[in-house]
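**Student:**
Residue numbers (our numbering): 812 to 1160.
In structure tokens, the structure reads:
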């Protein structure tokens, strides 16, 4: 069931136009694939995996410039240390539940080794948020095959949102959350560039939620997922662009995801893992080359419109993760309710 994206309710965020799909896949070459696991027998499972392939073809043979920012570091991001050190990304990016980090890492590492890459050059990038309110904590149901299927299904078309992939068991502002995406077209000189964001939202308290700067109305009758909050949640954000940027510029881009998060009410709580990763498809550097490389870049003074695009796309992606998610009941009969569309409409009136 498609409940609708925020634009379908009349909310257009910012002055910049979105891409044709209003998704991270509007950035040429960027692919997204997802595996969703929902079952009740022999055990309750509410989890999955979302994989972003930064470029078409063999990712392991080339480096793309990337930047990483931890707004609040309560969580795990594998491969982040090498991105911080060298400013390059040479792996697909997997978004999973916390207990599946090891499985996803092993799966992507094995794919790299099978392609002929040496173990010393293999740094899979895995980001996580905790889905353990709806999904069992004790054992990860995600398998390497599930990760392979997500990657093999990666495509450039529309991206499913809400209760899918890594976002299957997630909640956002104490409503059902999950995967959301959005994009913006940014003009620079005679060129148009695209910046896209994809989020796995699992953060925030209900009273914090803001839509178009306004507290959400008419939700008093919607039960909270718990009587007393037991976890503070997290959010991970992936930002892609075809604008030619250097690693230090991409780190600056990643930092601007904070603006979009804050507009929806996020504050980076002490127990929240808020991790933002940005990459550019504009410069490809062959893995292991010793030759001098020529790269393109925008001047720092040309980044403001990209900063604006990131802030708007992240804000809209978070809201899409809410409006596209559906009420879900998981382990031990726990229920997380979707944001009522009537509440959204009342807020925007």
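Positions of the beta carbon are idealized from the N, C-alpha and C atoms, including for glycine.
If I follow the unbroken alpha helix (DSSP H) through residue 925, where does it start and stop?
**Tutor:** 912-925
**Student:** With distance defined between alpha-carbon atoms, name the residue in 855, 827 and 866 nearest to residue 838.
**Tutor:** 866
**Student:** Suppose you measure from the CA of residue 1084 to the CA of residue 1071; what does that come to, to the nearest Å?
**Tutor:** 16 Å
**Student:** Rounded to the nearest angstrom, how far is the Cβ of residue 983 from that of residue 1132, given a contact under 8 Å?
**Tutor:** 6 Å
**Student:** Could you tell me whether the Cβ atoms of residue 953 and residue 1002 are closer together than 8 Å?
**Tutor:** Taking 8 Å as the Cβ cut-off, residue 953 and residue 1002 do not qualify as a contacting pair.
**Student:** Put residue 960 into one of helix, strand or coil per three-state DSSP.
**Tutor:** In the structure shown, residue 960 sits in a helix (DSSP, three-state: H, G or I).
**Student:** Are there 16 or more other CB atoms within 10 angstroms of the CB of residue 869, so buried, or fewer, so exposed?
**Tutor:** It is exposed - the Cβ of residue 869 has fewer than 16 other Cβ atoms within 10 Å.
**Student:** Which same chain residues end up closer than 7 Å to residue 1104 when comparing Cβ atoms and leaving out the 5 residues on each side of it in sequence?
**Tutor:** 1096
**Student:** Measure the CB-CB distance between residue 835 and residue 1048 and report whether it falls below 8 Å.
**Tutor:** no
**Student:** Using a Cβ-Cβ cut-off of 7 Å (strictly less than) and excluding sequence neighbours within five positions of residue 918, which residues of its own chain qualify?
**Tutor:** Same-chain partners within the cutoff: 955, 958 and 959.
**Student:** Could you give the first and the last residue of the continuous alpha helix (DSSP H) run that contains residue 1123?
**Tutor:** 1115-1134
**Student:** When the Cα atoms are used, what is the spatial distance from residue 1059 to residue 852?
**Tutor:** 48 Å
**Student:** Under 8 Å: do the segment 840-848 and the segment 961-975 share three or more Cβ pairs, one atom per stretch?
**Tutor:** yes
**Student:** Of all the options 922, 937 and 1120, which has the alpha carbon lying nearest to the alpha carbon of residue 871?
**Tutor:** The candidate whose alpha carbon is nearest that of residue 871 is 922.
**Student:** Does the beta-carbon distance from residue 890 to residue 876 come in below 8 Å?
**Tutor:** In this structure, residue 876 does not lie closer than 8 Å to residue 890 by Cβ.
**Student:** I'd like the list of long-range same chain contacts for residue 1075, defined as Cβ closer than 7 Å, with 5 residues on each side in sequence excluded.
**Tutor:** 1020, 1021, 1126, 1129 and 1130, listed in sequence order.
**Student:** Would you say residue 1044 and residue 1014 are within 8 Å of each other, going by their C-beta atoms?
**Tutor:** The beta carbons of residue 1044 and residue 1014 sit closer together than 8 Å.
**Student:** Since residue 879 sits in a beta bridge, which residues does DSSP pair it with?
**Tutor:** 1088
**Student:** Within 10 angstroms of its Cβ, does residue 1026 collect 16 or more other Cβ (buried), or is it exposed?
**Tutor:** exposed
**Student:** Would you list the one or two residues that DSSP bridges to residue 902?
**Tutor:** For residue 902, which the question treats as bridged, DSSP gives no partner whatsoever.
**Student:** In or out: residue 833 buried (at least 16 other Cβ within 10 Å) or exposed?
**Tutor:** Answer is buried; the Cβ neighbour count reaches 16.
**Student:** Would residue 1028 and residue 1149 be called neighbours here (beta carbons separated by less than 8 Å)?
**Tutor:** no
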